[in-house]
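Protein chains: 2
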Amino acid sequence: MAENTGGRHPFYEETLETKPIFQGRMISLQVDTVRLPDGGTATREIVKHPGAVAVLALVEGASKMLVVEQFRKPLEKVQVEIPAGKLEPGEDPLEAAGRELEEETGFRASRLKHMQSFSTSPGFAEEIVHLYFADELTKGEVHLDEEEFLTCEAITLEQAWQYVRDGRICDAKTLLALYAWQLYAATGSWPG
Amino acid sequence: MAENTGGRHPFYEETLETKPIFQGRMISLQVDTVRLPDGGTATREIVKHPGAVAVLALVEGASKMLVVEQFRKPLEKVQVEIPAGKLEPGEDPLEAAGRELEEETGFRASRLKHMQSFSTSPGFAEEIVHLYFADELTKGEVHLDEEEFLTCEAITLEQAWQYVRDGRICDAKTLLALYAWQLYAATGSWPG
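Below is the structure:
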């Protein structure tokens, strides 16, 4: 069966079959059978995810960042992270970032700047996290989702690195935000 | 039914039931029913993963980093990333980092320095990526896994940022490595 791969990259893997495994509230799982570049076949386990947003929000003259503390069941640990949440169906990431920031921290951002969108686990997950920056904040209202339990605090860069050393901060989006903040604090420029 | 939560964090979620959904080659999936802090129950969708390693490997007088280009089915895109791979059962992350680096790039590291371990998606995935740094490299031998198709190149920091702008680099581990490298290049200090 000759297939037209057009101008596709030589490593492109065509989907021969998609087997849905699970449809959950947060993620779904499918196993794709693909045609490999050498003509063989292989299976790819793929977690589908609507995407997420996260916000590096600086307060008190940009001397502190807002973080939330919550229990993360997959890690069986309480973790400190920047405010974040998953996209609602059809939701614009910029709006979602403002919504999640206010829901989790009670702060409203007058302006959100897109910093970076990134794939968390390109080997098995579709998830993209859109990371935003905000430093003009006004008081809004905390409104947690059902089944969401967290507390918010504002910490300095120094405290944040102590949390990293203590294992309380260990997730990719918060570390990316921290690295970016440290770079900005040291050089006056953001990454890139 | 009174439960002794000992010295546990008030947000701790006790597992009431674990329902295995899928056992794959790379990941497995389970749905846990948990007791919430307010006494209610909820389900948590959890992707189990053995963990992974990644290496920021600098060559040519630390002027270039090694990257590999490969197709990532979950993103339906060819991506440029630092060398990485998942842990074999029981494997030490440091050894795995050296193994993956050589297998994918043909370079052997005389010394690997642990930079950061991080959770990719604490909301649904157990995965931890252990990120290492290497700048003393000798020639070894490329040895790709079956079903693995990739090419390796060495790129400057400037080229790397161009790849970010072009969307060819977009994953968390490679961006963390880039931010760290830029910080080091700008200040002589690594993050933290």
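Here the protein sequences line up with chains V and Y, keeping their order. Going left to right, the first sequence walks through residues 1 to 192 as full-length UniProt numbering numbers them. Going left to right, the second sequence walks through residues 1 to 192 as full-length UniProt numbering numbers them. We treat Cβ as the ideally placed atom computed from N, Cα and C, and that holds for glycine.
Just the chain V side, please: which residues come within less than 9 angstroms of residue i by C-beta, in chain order?
i	result
Y/Val31	Phe22 and Gly24
Y/Ile46	Lys73 and Pro74
Since residue i meets chain V, which of its residues come closer than 7 angstroms, beta carbon to beta carbon?
i	result
Y/Thr91	Looking at the sequence provided, one finds Glu at residue 91 of chain Y rather than Thr. Ordered by position in chain V, no residue passes the 7 angstroms Cβ test against Y/Glu91, which lies about 16 angstroms from the chain.
Y/Val78	His9 and Phe11
Let me see if you follow: with CB-CB separation under 7 angstroms, is residue i close to chain Y or not?
i	result
V/Gln159	no
V/Phe149	yes
V/Tyr184	no
V/Cys152	no
V/Ile27	yes
V/Pro83	no
V/Pro37	yes
V/Leu56	no
V/Thr187	yes
V/Ala42	yes
If the cut is a Cβ gap below 8 angstroms, which residues of chain Y does residue i touch?
i	result
V/Tyr163	Per Cβ cutoff of 8 angstroms: no residues; V/Tyr163 is ~11 angstroms from chain Y at best.
V/Pro67	Reading off the sequence shown, one finds Val at residue 67 of chain V, where the question assumed Pro. Under the 8 angstroms cutoff, chain Y gives no residues; its nearest Cβ is about 13 angstroms from V/Val67.
V/Ala97	Going along chain Y, no residue has its Cβ under 8 angstroms from V/Ala97, so there is no contact; the nearest lies around 16 angstroms.
V/Val34	Lys73
For residue i, does the three-state DSSP call read helix, strand or coil?
i	result
Y/Leu36	coil
Y/Ala186	helix
Y/Pro20	strand
Starting from the beta carbon of residue i, find every residue of chain Y whose beta carbon is closer than 7 angstroms, and list them in chain order.
i	result
V/Asp171	Phe118, Ser119 and Pro122
V/Gly192	Trp161 and Val164
Between residue i and chain V, is any beta-carbon pair separated by less than 7 angstroms?
i	result
Y/Thr18	no
Y/Thr156	no
For residue i, return the contacting residues in chain V, with the cut-off set at a CB-CB distance below 8 angstroms.
i	result
Y/Leu176	Ala172, Leu175, Leu176 and Tyr179
Taking only beta-carbon positions, decide if residue i is within less than 7 angstroms of chain A.
i	result
Y/Gly24	Absent from the structure: chain A. Protein chains present are V and Y.
Exercise. Report the residue ranges of all beta strand (DSSP E) runs contained in full by the UniProt domain "Nudix hydrolase" (48 to 177) of chain Y; include only those spanning at least 3 residues, in chain order.
Key: 52 to 59, 64 to 72, 77 to 81, 84 to 86, 107 to 109, 113 to 119, 128 to 134, 137 to 139 and 150 to 155
Exercise. Taking only beta carbons into account, state which residues of the segment 113 to 142 of chain Y come closer than 9 angstroms to chain V, listed in chain order.
Key: Within the segment 113 to 142 of chain Y, the qualifying residues are Gln116, Ser117, Phe118, Ser119, Thr120, Ser121, Pro122, Gly123, Phe124, Ala125, Glu126, Glu127, Ile128 and Val129.
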